[in-house]
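Position in the sequence shown (from 1) plus 8 gives the number in the numbering used here. Below: the structure, in structure tokens.
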Amino acid sequence: MEIKEILHILRHKRHDWMNQIQLVQGYASMDKMERVKEHLYQIIEQSEHERRLLNSGAEDFTLWLLTFNWSHSHYQLTYLLDRDVDLSSHDEQLTAYAEKVITVLDEHSSSDELYEGFIHFLITNEKIEINWSWNGEFKDTADLANKLTNDEGMTAFVDHHHELKINCKLE
Numbered sequence: 009m010e011i012k013e014i015l016h017i018l019r020h021k022r023h024d025w026m027n028q029i030q031l032v033q034g035y036a037s038m039d040k041m042e043r044v045k046e047h048l049y050q051i052i053e054q055s056e057h058e059r060r061l062l063n064s065g066a067e068d069f070t071l072w073l074l075t076f077n078w079s080h081s082h083y084q085l086t087y088l089l090d091r092d093v094d095l096s097s098h099d100e101q102l103t104a105y106a107e108k109v110i111t112v113l114d115e116h117s118s119s120d121e122l123y124e125g126f127i128h129f130l131i132t133n134e135k136i137e138i139n140w141s142w143n144g145e146f147k148d149t150a151d152l153a154n155k156l157t158n159d160e161g162m163t164a165f166v167d168h169h170h171e172l173k174i175n176c177k178l179e
């Protein structure tokens with residue numbers, strides 16, 4: 009990675025932190041201490057999930073996920089990694105699948121809609137299960153789900169609330 013890329017990432021991260029600090033400051037200036045506490049709790053939780061992701065050993069996937077929202081204007085993606093896990097042996101597979109998901113979503117999305125996504129990593133002793141969900145109006149949902157389902161343990165469907173659900177099992 010070049011110095012310019014690193015500085016670009018650091019600028020975005022600093023901007024994100026300033027937004028968080030300004031929200032806390034705003035709540036405090038309005039004497040809304042309950043909101044200050046809630047927001048600080050959210051910041052701590054988010055930082056803990058980020059720490060787990062950064063320590064997962066999946067360097068390419070971590071970089072992809074941490075920079076995703078900065079480079080995709082009509083997608084907003086959050087994640088939950090609720091325990092420490094070694095993803096290093098799955099890094100290439102996770103990154104390839106994440107890029108495929110976005111490529112397929114781009115084919116079935118509208119540029120004037122904001123799609124909100126969430127990734128939940130479920131970790132057991134034997135396997136890692138990754139559940140994605142995306143909210144928004146997608147085009148040709150049957151084709152979308154079909155393109156995101158494969159023989160490698162990945163399945164997708166769109167429910168009646170227009171929520172795309174994707175499940176991926178890693179062993």
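All C-beta atoms, glycine included, are put in the ideal place defined by N, C-alpha and C.
For residue i, the three-state DSSP class (helix, strand or coil)
i	result
residue 37	helix
residue 93	coil
residue 172	strand
residue 66	coil
residue 108	helix
residue 146	coil
residue 132	coil
residue 31	helix
residue 113	helix
residue 156	coil
residue 178	strand
Own chain partners of residue i with C-beta closer than 8 Å, once the 5 adjacent residues on each side are dropped
i	result
residue 84	77, 122, 123, 124 and 125
residue 58	74
residue 145	118, 121 and 170
Chain-order list of residues whose beta-carbon lies under 6 Å from that of residue i (same chain, five-residue window excluded)
i	result
residue 155	112
residue 153	164, 165 and 166
residue 92	60
residue 143	124 and 171
residue 130	137
residue 174	140, 156 and 164
Contacts around residue i, its chain only, beta-carbon distance under 7 Å, and the 5 residues preceding and following it disregarded
i	result
residue 161	176 and 177
residue 102	66, 69 and 95
In DSSP terms, what residue i is bridged to
i	result
residue 11	Residue 11 is not bridged to any residue.
residue 127	87 and 140
residue 7	In this structure the chain extends from 9 to 179, so residue 7 is not present and cannot be described.
Buried or exposed (CB count within 10 angstroms, at least 16 for buried), residue i
i	result
residue 64	buried
residue 70	buried
Does the count of Cβ pairs from the segment 112 to 121 and the segment 76 to 85 closer than 8 Å reach three? yes
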